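Here's the structure, in structure tokens; my notes come after.
Numbering (the numbering used here), first residue to last: 966 to 1349.
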């Protein structure tokens, strides 16, 4: 059921690349304007999760996910009736984002209370629902839009989501775990250099990580010259290989430690992003798609585990993860519209956006490495 929650929340966001291309032609807006819809959705998924996590801890699990489910379905079906930009911002962006944010954290938080020995693997199996959902919704939108039209294709997504998320509301039950009251924000955490450097590093990484998810399809169509169908298939591929990116590091994390994996995985993802500049044909974009999809999701999967390795007081874990997630929400909010603005500034070419995405991710890795050095010193072979 937690896998289904990821399928229905982040999975739907992961399919936004298909809608990015469609909305640009449908509404006649710039890529930057359209990306605000997906960016607002992603921002609210992260930002609201800090509040939904505290509501879950306070004993309002069922009320929280029920409200989130209602808002998310209302947003999707509302988007199917939308014909204007502001309507899609309100429905596809704000309403779906608010609903997803209320569901996203409460469900996997149950997994943490149920698993100890195989916790990282259990969380990875839940998290790969993000990629499976992106694969499914992107496929539905890609293949149904030309035949059913926008309204009916969105309603198909809405009915499928209702069919899987409503059973999750019924079957998911929190364990009776005693919880201590905690503040929503722990400002003292930012006085710890390791936590501050980690937060800045993740903010910078998130600025660049999602740029290909939003723009790779339009890049393939406008720059490489592939068909609209093949361009949409790039999103299917990046979500498909992402499943391996979630699962494989989960087996390695107990051996090598999360932070030791996250830093090189993020660095490789940044280098692959910079190599995007060299892509000039269909074969090249497929190779880029596969490698970036694997390393991007692998790095993202290490986020909560890495933060845990930097937190000595486990009673503060929920608050500190929620704070980082809120920060990452702002990164998604501004990162993709900025990339769209750079595409427009470059006259429809993607060089500026590619350099921006790869560079901010690489700089983010420097801050992550600094956080590790603060904790361990300059010793390489330390598990953290």
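The beta carbon of each residue, even a glycine, is placed where N, CA and C say it ideally should be. The structure displayed is predicted, hence computed values, not measured ones.
### Task
Assess, as a yes-or-no matter, whether the stretch 1333–1340 is touched by the stretch 1204–1213 under the definition of 3 or more beta carbon pairs within less than 8 Å.
Because the criterion of three Cβ pairs below 8 Å is not met, the stretch 1204–1213 and the stretch 1333–1340 do not touch.
#### Entry: Backbone secondary structure at residue 1255 - three-state DSSP
helix
### Message
Could you compute how far the alpha carbon of residue 1039 sits from the alpha carbon of residue 1056?
### Response
Cα to Cα, residue 1039 sits roughly 8 Å from residue 1056.
### Query
Is DSSP giving residue 998 helix, strand or coil here?
helix
### Query
Which term fits residue 1071, buried or exposed, when burial requires 16 or more other beta carbons within 10 angstroms of its beta carbon?
buried
### Task
Please classify residue 966: does DSSP put it in a helix, a strand, or coil?
coil
### Among 970, 969, 967, 976, nearest to residue 1205 - alpha-carbon criterion
976
### Task
Return the CA-CA distance between residue 1296 and residue 1343, expressed in angstroms with no decimal places.
29 Å
### Message
Quick check: the Cα distance between residue 1116 and residue 1053, rounded to an integer number of angstroms?
### Response
12 Å
### Query
Counting only runs that start and end within the stretch 1101–1167, where is the beta strand (DSSP E) found for 3 or more residues in a row?
none
### Task
Would you identify the three-state DSSP class for residue 1093, choosing helix, strand or coil?
coil
### Query
So residue 1254 and residue 1181 are in contact, right, with Cβ under 8 Å, and what is the actual spacing, rounded?
7 Å
### Query
Distance, Cα to Cα, residue 1312 vs residue 1192?
21 Å
### Message
Check this for me: beta carbons of residue 1174 and residue 1261, under 8 Å apart or not?
### Response
The beta carbons of residue 1174 and residue 1261 sit closer together than 8 Å.
#### Entry: Cβ contact check for the stretch 1297–1309 and the stretch 998–1012: 3 or more pairs under 8 Å
yes
### Query
Do the stretch 1314–1325 and the stretch 1023–1038 make contact, defined as three or more Cβ pairs closer than 8 Å?
Contact fails: fewer than three Cβ-Cβ distances are below 8 Å.
### Query
Any idea what DSSP makes of residue 993, helix, strand or coil?
coil
### Task
Would you mind giving the Cβ-Cβ distance between residue 1017 and residue 1064, rounded to the nearest angstrom? I have them listed as a contact below 8 Å.
Rounded, the Cβ-Cβ distance is 10 Å, inconsistent with contact.
### Task
Quick one: grab the DSSP three-state call for residue 1271.
helix
### Query
Relative to the ligand GTP, is the shortest distance from any of its heavy atoms to the C-beta of residue 1131 smaller than 7 Å?
The model on display carries no ligand, and the ligand GTP is accordingly not part of it.
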